[in-house]
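In this note's numbering, the protein residues as written are 129 to 249.
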């Protein structure tokens with residue numbers, strides 16, 4: 129099942145911290161207090177039922193861990209928006225985003241490594 133926009137927000141926090149309680153997720157999502165504890169708690173319970181996260185007990189606190197990965201979401205986005213065409217995604221990003229020269233250098237290195245890896249296979 130595909131995550132909603134709010135679920136992606138929560139997953140982004142969990143991807144960053146690895147696992148966390150409702151309070152930890154809430155503090156990272158909404159340091160200004162705009163989002164309520166019960167909102168995040170309810171959302172995490174729904175996500176648990178959907179298989180997007182798992183939980184364990186630590187005393188009275190539930191600790192949530194992502195089961196749905198950033199890579200799964202990236203793949204879904206690539207298929208949904210670019211019909212699976214990685215080159216079109218990259219070209220689109222290069223055309224629309226201001227990219228620092230260091231980032232372009234890093235991308236070149238990643239491409240070189242990917243080429244070497246493909247040759248070995």
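Quick reminder that beta carbons are idealized off the backbone N, C-alpha and C, glycines included.
CA-CA distance, residue 176 and residue 245?
-> 36 Å
Mind checking residue 237: buried by the 16 CB within 10 Å criterion, or exposed?
-> exposed
Is the CB-CB distance between residue 180 and residue 131 below 8 Å?
-> yes
For the alpha helix (DSSP H) holding residue 231, just list the boundary residues, first then last.
-> 229-248
Taking the continuous alpha helix (DSSP H) assigned at residue 138, which residues delimit it?
-> 133-145
Beta-carbon proximity of residue 172 to residue 192, cut-off 8 Å | yes
Among 136, 147 and 235, which one has its Cα closest to the Cα of residue 184?
-> 147
Would you list the one or two residues that DSSP bridges to residue 148?
-> 192
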